[in-house]
Amino acid sequence: MVLIKDITDDVSKTVYANLINKVDVPDYVKSAQVETEESVKHLEPRAFADNINCKLPVNTKASCWTSALYLYGHPENIASSRRKDAEANLIKHAKIWGIVNEVEATKQAFEVVEVPAEYALTFNFRGTDISRCPCHTTELAKKSCSWLYDHRNRFPIAEQAKAAHTLIDKAGGYSDVPTDAKDYLGALSESNTFATAPNIHIAGAIKERLVSVKRSQWGDLGNALLKVANDLTENPYHLMKGASTVQAALEAFDTQFDLQKKWGSSITHPVDACYSITRSKAAAAVADTVKLMNGNHFNLSTAALSDIEIGLKQAGDDFLAYAKPDGLNLDINKVKEILPTIPAPDANRFQQAFPTDNSTLKDII
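Each number in my numbering corresponds to the 1-based position in the sequence shown with 99 added.
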């Protein structure tokens with residue numbers, strides 16, 4: 100049997116200190132002596148709300164209120180079989196002392212408020228209703244963001260995209276999504292409106308799947324994907340138009356050949372394959388991106404200053420001189436000014452200075 104705990108059991112008064120932070124303590128309690136096991140040992144059983152075990156003293160106005168504080172606030176008392184009778188007895192004495200309202204206010208302060216459960220990921224799978232990712236509180240929503248990312252290989256991506264919108268909103272916005280899940284959920288939430296990837300990235304993801312399955316087994320879907328991959332490589336650094344359609348096709352192909360077990364290892368996850376550039380990433384990239392006269396966009400943040408200097412030298416000494424106003428050091432703001440004005444042939448020579456193509460954001464602006 101679980102015995103009721105009262106202030107006499109709280110020797111260090113740490114429980115009392117925690118409980119009074121949640122209520123308004125009446126002045127008559129503040130000025131009263133704090134009851135101890137020694138101070139109540141002389142009392143008759145009728146002086147206690149739990150008169151069987153002599154717990155919860157009600158012999159004074161202050162003791163009655165303090166006993167209400169422990170009866171309703173101490174979590175261990177919820178499971179006591181004596182709670183119901185003790186409460187009835189305590190209320191009777193509260194009426195005698197004229198503190199019914201104060202006792203009721205204390206009770207309400209510790210009442211458990213049940214928040215209806217809400218799940219961000221809900222769908223029917225083969226006749227079974229699936230409910231995951233609780234989000235009825237902000238903290239639960241944040242934890243569910245991380246949980247969904249950790250289990251991203253187990254659920255249909257279309258359902259994950261719906262969940263991402265809800266979770267980001269319930270977590271307080273994109274900036275409050277846990278770091279581990281931020282890119283993934285950001286891509287999911289923008290998949291139908293903005294998020295996409297360079298053509299070459301998607302083409303590579305398609306081909307890694309196709310080489311994992313015998314060509315004789317591809318079927319129409321595999322052959323269609325090969326054609327898409329070949330078309331994409333004609334403009335490798337453009338951003339894919341209709342990435343969500345390709346994502347759905349990749350997911351269907353992977354499901355057909357049980358490749359989802361390899362997502363994240365030898366097979367790129369469809370979301371990572373198709374939505375590597377989100378609105379937030381693009382905004383950051385565009386801040387350091389200039390459009391050249393040859394039609395390409397050049398991202399300064401990914402280029403070494405030494406390479407930029409070599410490129411400007413190849414484009415023409417006048418361009419380099421403009422970007423080095425002190426004659427020694429490159430001024431990146433001057434670089435941003437001069438690059439968009441360099442004629443196309445000179446811009447081509449400028450880009451030849453870079454070991455890899457830097458124009459991966461052609462269609463972003």
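For each residue, glycine too, the CB sits at the ideal point set by N, CA and C. This one's a predicted model, so the numbers in the text were calculated from it and none came from an experiment.
### Task
Going by DSSP, name the residue or residues bridged to Phe356.
Per DSSP, none; premise fails for Phe356.
### Query
With 16 other CB atoms within 10 Å as the buried threshold, where does Thr344 fall?
exposed
### Message
Using a Cβ-Cβ cutoff of less than 8 angstroms, which residues in the same chain neighbour Ile464 once the five nearest sequence positions on both sides are dropped?
### Response
Note that Ile464 scores 37 on pLDDT, short of 50, meaning its location in the model is unreliable and no value can be drawn from it.
#### Entry: Beta-carbon contacts of Ile299 that lie in its chain and below 8 angstroms, excluding the five residues immediately before and after
Leu331, Thr332, Pro335, Tyr336
### Query
How should Lys160 be labelled, buried or exposed, when 16 other C-beta atoms within 10 angstroms of its C-beta is the threshold for buried?
buried
### Message
Can you tell me where the alpha helix (DSSP H) holding Thr205 begins and where it ends?
### Response
199-208
#### Entry: Simplified DSSP assignment, three categories, for Trp317
coil
### Query
Hey, Leu220 and Leu189: beta-carbon distance below 8 angstroms or not?
no
### Query
Leaving out the 5 sequence neighbours to the left and right, which residues in its chain are closer than 6 angstroms to Thr367 when beta-carbon positions are compared?
Ala304
### Pair within 8 angstroms by beta-carbon distance, Glu143 and Thr107
no
### Identity of the residues DSSP links to Arg253 by a beta bridge
Bridge partners of Arg253: none, in fact.
### Task
Kindly identify the DSSP beta-bridge partner or partners of His396.
Lys390
### Query
What are the boundary residues of the alpha helix (DSSP H) that includes Arg448?
443-450
### Task
Grab me the residues of Leu324's own chain with a C-beta within less than 7 angstroms of its C-beta, minus the 5 sequence neighbours each way, in chain order.
Ile305, Leu309, Ala348, Phe352
### Where Asp105 falls, given that 16 or more other Cβ within 10 Å makes a residue buried
buried
#### Entry: Inter-stretch contact (C-beta, 8 angstroms, three-pair minimum) for the region 275-294 and the region 252-262
yes
### Task
Go ahead and pull the three-state DSSP assignment for Ala148.
strand
### Query
Does DSSP classify Ser230 as helix, strand or coil?
strand
### Query
Leaving out five residues before and five after Val128 in sequence, what residues of the same chain have Cβ atoms less than 7 angstroms from its Cβ?
Ala161, Trp164, Thr165
### Query
Can you round the beta-carbon distance between Ala446 and Ala414 to whole angstroms, since I take them to be within the 8 angstroms contact cut?
7 angstroms
### Query
Is it the case that the Cβ atoms of Thr295 and Cys373 are separated by a distance below 8 angstroms?
yes
### Task
Could you tell me whether the region 167-182 touches the region 113-127, where touching means 3 or more Cβ pairs closer than 8 angstroms?
yes
### Message
Can you tell me where the alpha helix (DSSP H) holding Asn428 begins and where it ends?
### Response
That residue, Asn428, is in no alpha helix (DSSP H); it is neither H nor E in DSSP.
#### Entry: Whole-Å CB distance - Phe293 paired with Thr377, under 8 angstroms assumed
7 angstroms
### Task
Assign Thr135 to one of three DSSP states: helix, strand, or coil.
coil
### Task
With a threshold of 16 other CB atoms inside 10 Å of the CB of Asn176, please say whether the residue is buried or exposed.
buried
### Task
Would you check if there are 3 or more beta carbon pairs closer than 8 angstroms linking the region 244-253 to the region 196-213?
no
### Task
Check the C-beta distance from Lys140 over to Leu102 and give it rounded, since I have them as a contact under 8 angstroms.
With a Cβ gap of about 16 angstroms, Lys140 and Leu102 do not count as contacting.
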